[in-house]
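Read through the structure below, which is laid out as structure tokens, and then see the notes.
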Amino acid sequence: MSRALATRRRRPRGTAGIAEALLWLGPALILILGIVVDPAVALVGTSFGTYSITGLRKGDAGFQNYIAFLTSPDLGKVVWNTTVWVGVVVAMTILLSLGLAQFLSKEFFGRRFVRWAVIVPWAAALVISSQLFRLMYDYYHGIINGLLLWLGVIHKPIDWLGNPALIMPSMITVGIFVSMPFTAYLFVAGLNAIPGDLYEAARIDGARPSQIYRRITLPLLRPAILIGVVLNMIYVFNSFPIIWILNGSNPGFGNDTLITYMYKIAFKSAQHDVGMSAAAGIFNVILILIAVAIYLRFTNWRRRDES
Amino acid sequence: MTSPVVAMPRRRYARRARGWKNARRFVLPIAGLGVMAFFLWPYIVMLFDALRPSGEVLATPPTFFPKTWTGSAFVQVITDPAFQNWLKTSLIVAVCATVIVMVVAIPAAYFTARFSFRGRMIFLGLVVVTQMFAPTSLVVGIYREFYDLGLVNSYTALILTDAAFNIAFALWILQGFFAAIPKDVEEAAELDGCGRLGTLFRIMLPLTLPGLVTAVTFTFIAAWNEYVVALTLIQDDALKPLTVGINSYVTAYQQNWSQLFAASLIAIVPVVILFALIEKHLVGGMTAGAIK
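Chains as they are written, first to last, in my numbering: chain A, 1 to 307; chain B, 1 to 292.
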């Protein structure tokens with residue numbers, strides 16, 4: 001106790017020694033190092049080894065796993081799928097959520113119930129929503145075909161999840177649907193943070209709603225939009241259950257993204273190639289880091305902080 | 001701007017704005033109903049499918065409303081020992097992971113919000129990076145680690161993974177709240193003889209209650225809904241959490257969709273209630289943590 005007091009007296013207010021810092025941060029640090037950093041290191045190690053089907057290490061592989069992954073005939077298609085999946089889902093989610101957030105932040109009767117309803121797809125586990133959409137998209141028994149047939153829009157059922165041209169749009173629709181609630185709430189928080197007198201001043205100056213939106217709302221919402229894009233990029237890239245379940249009955253890798261492709265190499269394919277899957281995992285981690293870095297660079301992430 | 005030519009359309013705009021003010025009292029709630037229907041209808045389909053016999057779910061053509069209303073799927077699921085095991089796993093894992101995250105993240109968030117020290121930026125950088133490493137991309141490494149530790153097929157593996165990967169978000173939210181409390185509050189407490197721990201527990205935590213509630217809810221829900229790690233690490237059916245276990249109601253060999261959906265609803269409802277309860281803090285919590 002006396003030592004702690006002495007330390008505190010010697011240092012200026014608000015600073016602390018590294019020993020005290022370790023005491024407060026230690027537990028968090030141990031957990032992060034042990035469960036996040038260590039598997040990342042293990043992943044690197046695994047990517048340079050060869051493994052038996054049961055997962056026993058047989059020896060060093062050098063760069064063989066990386067070569068096998070980068071030259072695999074499916075990679076081009078898988079990278080293309082990933083680009084479309086992430087690009088379309090994130091872009092549409094951001095655009096639609098901007099409108100939804102604008103609506104949810106208006107005052108009207110019953111708004112609380114609308115906000116609760118919007119929470120539901122966010123609260124439901126992705127696996128559950130994916131199973132639900134798998135049945136709704138079903139060729140014979142799905143409610144979507146049932147409804148379209150009943151309305152007379154189509155005359156024979158559509159194979160949403162079996163037709164190679166339709167499965168990606170079908171999965172993207174689900175991806176947008178489940179990503180919107182979180183993003184909209186993030187934007188509602190951003191809208192609430194904009195001071196009301198700014199709008200009042202603009203209205204007194206005779207600004208039109210479209211001008212107010214472009215000149216006040218969008219610029220001040222910029223931090224929220226940046227965070228929304230970055231988090232959605234990470235979430236959507238890493239998204240597993242939607243593709244895993246909706247694409248579950250299709251053989252091969254034709255509709256896979258990098259994440260499900262990586263998973264199939266290790267746990268589902270005939271060869272159970274843990275080493276090559278680890279190489280794919282490293283590739284994925286580096287890719288998402290680069291994508292986020294490019295985006296942040298492109299949008300001048302720090303411009304506002306520095307001014 | 002004062003010339004009469006420009007003033008004309010502005011006055012017309014003002015008249016239109018007044019008309020909108022009257023109309024919005026009806027238009028907005030009706031649009032609200034539309035938005036509600038859009039986000040809820042898949043889950044209403046789910047509820048109706050859970051409330052009909054399994055055979056009727058696979059009828060062609062499908063009907064929106066059940067022809068036979070029955071709660072038997074719910075009864076079958078609740079009395080199914082396998083389902084009870086999955087529910088137990090989900091509860092144990094989510095509660096333990098949440099407790100660990102709070103025990104670990106509260107001191108770290110408080111300390112990094114209040115003090116500058118060597119290595120602060122390194123620590124915060126590490127936390128941001130963990131936010132980017134979703135367990136999905138590291139799942140092979142996680143599997144290797146727990147395989148080597150002999151912890152495949154254990155609650156411990158799930159609890160530790162869910163805790164470690166959710167520290168970042170909890171820390172982020174809590175830090176925003178701690179940073180927002182004026183320093184004088186603590187200085188007064190310290191003058192009154194509170195140590196740093198005493199200040200944290202007696203003064204700071206009660207003031208950051210909304211942040212705590214938000215962090216607890218987010219962590220619990222993330223652990224409750226986790227899928228990939230559990231799918232990979234747990235092969236023993238009795239140890240599976242709900243998200244993995246319930247899928248065995250619909251396989252190539254049996255198609256008990258109504259039971260799958262009854263079980264799904266039992267898994268979803270507590271989470272929706274939790275979320276709805278903190279709906280106000282959800283916006284506030286994200287404002288403090290994310291948008292400053």
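A virtual CB, placed ideally from N, CA and C, is assigned to each residue, including glycine. These figures come from a predicted structure and were not determined experimentally.
Residues near A:K58 by beta carbon distance below 7 Å, same chain, minus five either side: Contacts found: T50, Y51 and S52.
Residue nearest to B:V127 in terms of C-alpha spacing, selected from A:G175, A:F283, A:L100 and A:L29: Of the candidates A:G175, A:F283, A:L100 and A:L29, A:L29 places its Cα closest to the Cα of B:V127.
8 Å Cβ cutoff, A:I216 in contact with chain B: It does not: the Cβ of A:I216 has no partner Cβ on chain B nearer than 8 Å.
Straight-line gap, A:I167 to A:Y263 (C-alpha atoms, nearest Å): Taking the straight line from one Cα to the other gives about 19 Å.
Buried versus exposed, by CB contacts within 10 Å (16 or more), A:L180: For the record, residue 180 of chain A in the displayed sequence is Met; it is not Leu. So A:M180 ends up on the buried side.
Helix, strand or coil at A:S179 according to DSSP, with G and I counted as helix: In the structure shown, A:S179 falls within a helical segment according to DSSP collapsed to helix, strand and coil.
Backbone secondary structure at A:T15 - three-state DSSP: Three-state result, A:T15: strand.
Collapsed DSSP secondary structure at B:S258 in the structure displayed: Here B:S258 sits in helix by DSSP.
Residue span of the beta strand (DSSP E) that contains A:K58, given as start and end: Segment R57 to D60, the beta strand (DSSP E) holding A:K58.
Extent of the continuous alpha helix (DSSP H) run through A:Y51: From DSSP, A:Y51 is part of no alpha helix (DSSP H) but of the beta strand (DSSP E) over G49 to Y51.
Sequence-distant residues of its chain with Cβ nearer than 8 Å to A:R8 (five each side left out): Low per-residue confidence applies at A:R8: pLDDT is 47, beneath 50, and the placement is therefore not dependable enough to give any value.
For B:P241 and B:V272, the rounded distance between their alpha carbons: C-alpha of B:V272 to C-alpha of B:P241: approximately 18 Å in a straight line.
Within chain B, partners of A:W85 - CB distance below 8 Å: Using a Cβ-Cβ cut-off of 8 Å, A:W85 is close to nothing in chain B; its nearest Cβ partner there is about 14 Å away.
Stretch pair the stretch 220-234 of chain A + the stretch 177-194 of chain A: three plus CB contacts closer than 8 Å: Here the stretch 220-234 of chain A lies against the stretch 177-194 of chain A, with 3 or more beta-carbon pairs under 8 Å apart.
Residue environment, A:T83, which counts as buried when at least 16 other CB atoms sit within 10 Å: The residue in question, A:T83, is exposed, as its Cβ has fewer than 16 Cβ neighbours within 10 Å.
Boundaries of the alpha helix (DSSP H) in which A:R115 is found, first to last residue: If you look at A:R115, you'll find it in the alpha helix (DSSP H) that goes R111 to A123.
Sufficient close CB pairs (3 or more, under 8 Å) joining the stretch 205-225 of chain B to the stretch 59-78 of chain B: By the criterion of at least three beta-carbon pairs nearer than 8 Å, the stretch 205-225 of chain B is not in contact with the stretch 59-78 of chain B.
First through last residue of the alpha helix (DSSP H) which encompasses B:D148: Counting along the chain, B:D148 sits inside the alpha helix (DSSP H) bounded by residues V139 to L149.
For B:V152, the three-state DSSP class (helix, strand or coil): Reduced to three states, the DSSP call for B:V152 is coil.
Which residues DSSP lists as bridging B:V250, in chain order: According to DSSP, which records beta bridges pairwise, B:V250 is partnered with B:Q255.
Whether A:A117 touches B:L209 by CB criterion (8 Å): For A:A117 and B:L209, no; Cβs fall outside 8 Å.
Beta carbon of A:G281 nearer than 8 Å to that of B:S137: Cβ distance < 8 Å, so A:G281 and B:S137 count as in contact.
A:G275, enclosing alpha helix (DSSP H) - first and last residue: Run containing A:G275: V274 to F298, per the alpha helix (DSSP H) assignment.
Uninterrupted alpha helix (DSSP H) stretches inside the stretch 30-105 of chain B (no shorter than 4 residues): Listed in chain order, the complete alpha helix (DSSP H) runs (minimum 4 residues) inside the stretch 30-105 of chain B are 54-57 and 72-78.
Strand pairing of B:S116, partner residues [DSSP]: Paired residues: A:T15.
Nonlocal neighbours in the same chain, by C-beta distance under 7 Å from B:E190, ignoring five residues either side: Answer for B:E190: T199, listed in chain order.
Own chain, CB closer than 7 Å to A:I143, minus 5 neighbours either side, in chain order: Same-chain partners within the cutoff: M136.
Extent of the continuous alpha helix (DSSP H) to which B:V216 belongs: Segment L209 to N225, the alpha helix (DSSP H) holding B:V216.
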